[in-house]
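Residue numbers (this note's numbering): -12 to 270.
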């Protein structure tokens, strides 16, 4: 029996469309629910004042600032190290058993549960290095958490640059580092930005690592140094959802909406930058 290729194509397309809808529809419903129920809570007082009355009133300003500090700290630690490590593994390291094991370990580390990173950060930064529960301990823990993602994304971006680019540059007398700096890196920036987007989104939404290393239950003031504790939106959302009785539901959804908006806003900026950089590609 010969099956018409067009019918096969339509069946395959239908299954792919169904799989896509099964992902998009639930996510869309969650976002719509958060927007509808959280919008009434959004106001100047909610965004820019300190919490009061055991977090039943007031705003979430310390949690917003704390989240921004942690994301910036994690990015400042992990991005340079991740990019440099990817450059070494892609451009300098020989292809042998050791480097293959390292690459496999990096991929596996990307799938380790975040609570494991939280316990590691607690043992290393909070206890052993005596940073205590602080911004620096939380930022370093989040930085290690997202480091495998940045390394993997940067490696893929570097490997996507055609070898002919390298060969032409070297044949013109450029050194290996000059070739990487002026040819390879500029052409791989869009892919590196992808890893950065994933890093920002994940570090902003993680709860377990900051629970062990930095997050305060209730701290209605702004941090004064990197060794201070801070409130953070993911943990604050967990606290008001499970630990504070008789709290207005719109406060919970409003906090979720702010966190979601922050992540989407940062992602949107990064996507725009990546799009403009991709337009400048000549290949």
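Just so it is clear, CB atoms sit at the ideal spot from N, CA and C, and this is done for glycine as well. Predicted model only: the values in this text are computed from it and were never measured.
Margin query: Would you call the stretch 115 to 123 in contact with the stretch 197 to 214, where contact means no fewer than 3 C-beta pairs closer than 8 angstroms?
Written below: Yes: at least three Cβ pairs fall under 8 angstroms.
Check: Does DSSP put residue 207 in a helix, in a strand, or in coil?
Finding: DSSP places residue 207 outside both helix and strand once states are collapsed to three, so it counts as coil.
Notebook entry, point to check: Can at least three beta-carbon pairs, one atom from the stretch 65 to 81 and one from the stretch 257 to 267, be found at a separation below 8 angstroms?
Noted result: In short, these stretches do not touch, since the Cβ pair count stays below three.
Margin query: Quick test of your reading: residue 141 and residue 261, contact by CB under 8 angstroms. State the CB separation rounded to the nearest angstrom.
Written below: Not a contact, Cβ separation roughly 13 angstroms.
Notebook entry, point to check: Is the shortest distance between the beta-carbon of residue 4 and the beta-carbons of chain C less than 8 angstroms?
Noted result: Any reference to chain C falls outside this structure, which holds one protein chain only.
Notebook entry, point to check: For residue 15, does the count of other Cβ atoms within 10 angstroms reach 16, so buried, or fall short, so exposed?
Noted result: When all chains shown are included, residue 15 counts as exposed.
Notebook entry, point to check: Is the CB-CB distance between residue 45 and residue 54 below 8 angstroms?
Noted result: Not closer than 8 angstroms, so no.
Notebook entry, point to check: Applying the criterion that 16 or more other CB atoms from any shown protein chain within 10 Å of the CB defines a buried residue, is residue 159 buried or exposed?
Noted result: It counts as exposed.
Margin query: Applying the 10 Å Cβ sphere with the 16-neighbour rule, what's the burial state of residue 88?
Written below: Around the Cβ of residue 88, a 10 Å sphere holds fewer than 16 other Cβ atoms; the residue is exposed.
Item checked: Sub-8 angstroms separation of residue 49 and residue 207 beta-carbons -> Between residue 49 and residue 207, the gap from beta carbon to beta carbon is short of 8 angstroms.
Notebook entry, point to check: Given residue 138, which residues of its chain have a CB within under 6 angstroms of its CB, disregarding the five upstream and five downstream residues?
Noted result: Exclusion of the five residues before and after residue 138 leaves 69, 72, 73, 93 as the residues of its chain whose Cβ lies within less than 6 angstroms of its Cβ.
Margin query: Assuming residue 81 is part of the alpha helix (DSSP H), what are its boundary residues?
Written below: It is not in any alpha helix (DSSP H) - residue 81 carries neither H nor E in the DSSP assignment.
Next item on the list: Give the range of the alpha helix (DSSP H) segment to which residue 32 is assigned.
Entry: Where residue 32 is concerned, the enclosing alpha helix (DSSP H) stretches over 31 to 35.
Margin query: Run through the DSSP bridge pairs and tell me what residue 39 is partnered with.
Written below: DSSP, once it has assigned bridges, lists 44 as partnering residue 39.
Next item on the list: Measure how close the beta-carbons of residue 42 and residue 205 come, nearest whole angstrom, since I'm counting them as under 8 angstroms.
Entry: At roughly 6 angstroms, the Cβ-Cβ gap stays under 8 angstroms, so residue 42 and residue 205 are in contact.
Next item on the list: Drop a sphere of 10 angstroms on the beta-carbon of residue 174, count the other beta-carbons inside from all chains shown, and report buried for 16 or more, exposed for fewer.
Entry: Buried.
Notebook entry, point to check: When we look at the beta-carbon of residue 25 and count the other beta-carbons within 10 Å, is it buried (16 or more) or exposed?
Noted result: Taking all protein chains in view, the Cβ of residue 25 is crowded by 16 or more other Cβ atoms within 10 Å, so the residue is classified as buried.
Check: Curious, which full-length alpha helix (DSSP H) runs of at least 4 residues does the stretch 163 to 232 contain?
Finding: Entirely contained in the stretch 163 to 232, the alpha helix (DSSP H) runs reaching 4 residues are, in chain order, 163 to 166, 172 to 192, 195 to 200, 220 to 229.
Notebook entry, point to check: Among residues of its own chain, excluding the 5 on either side of residue 237, which ones have a beta-carbon nearer than 8 angstroms to its beta-carbon?
Noted result: The residues are 24, 25, 27, 28.
Margin query: On the criterion of 16 or more Cβ atoms from any shown chain inside 10 Å, does residue 193 qualify as buried, or is it exposed?
Written below: The residue is buried, with at least 16 neighbouring Cβ atoms inside 10 Å.
Item checked: Exposure label - residue -1; buried when at least 16 CB within 10 Å -> Flag for residue -1 reads exposed.
Margin query: Suppose you measure from the CA of residue 97 to the CA of residue 211; what does that come to, to the nearest Å?
Written below: Distance between the alpha carbons of residue 97 and residue 211 is about 33 angstroms.
Next item on the list: Evaluate residue 154 with the Cβ neighbour count: other Cβ atoms within 10 Å of its Cβ, from every protein chain shown; 16 or more gives buried, anything less gives exposed.
Entry: The residue in question, residue 154, is exposed, as its Cβ has fewer than 16 Cβ neighbours within 10 Å.
Check: Within this structure, are the beta carbons of residue 151 and residue 61 separated by less than 8 angstroms?
Finding: Against a cut-off of 8 angstroms, the Cβ pair of residue 61 and residue 151 comes out as no contact.
Check: Assuming residue 178 contacts residue 144 under a Cβ cut-off of 8 angstroms, what Cβ separation, rounded to an integer in Å, is found between them?
Finding: That pair is a contact at about 2 angstroms.
Item checked: Contact check, residue 245 vs residue 58, beta carbons under 8 angstroms -> Going by C-beta atoms, residue 245 is not nearer than 8 angstroms to residue 58.
Item checked: Nearest-angstrom Cα separation, counted from residue 116 out to residue 47 -> In this structure, the alpha-carbon of residue 47 lies about 31 angstroms from that of residue 116.
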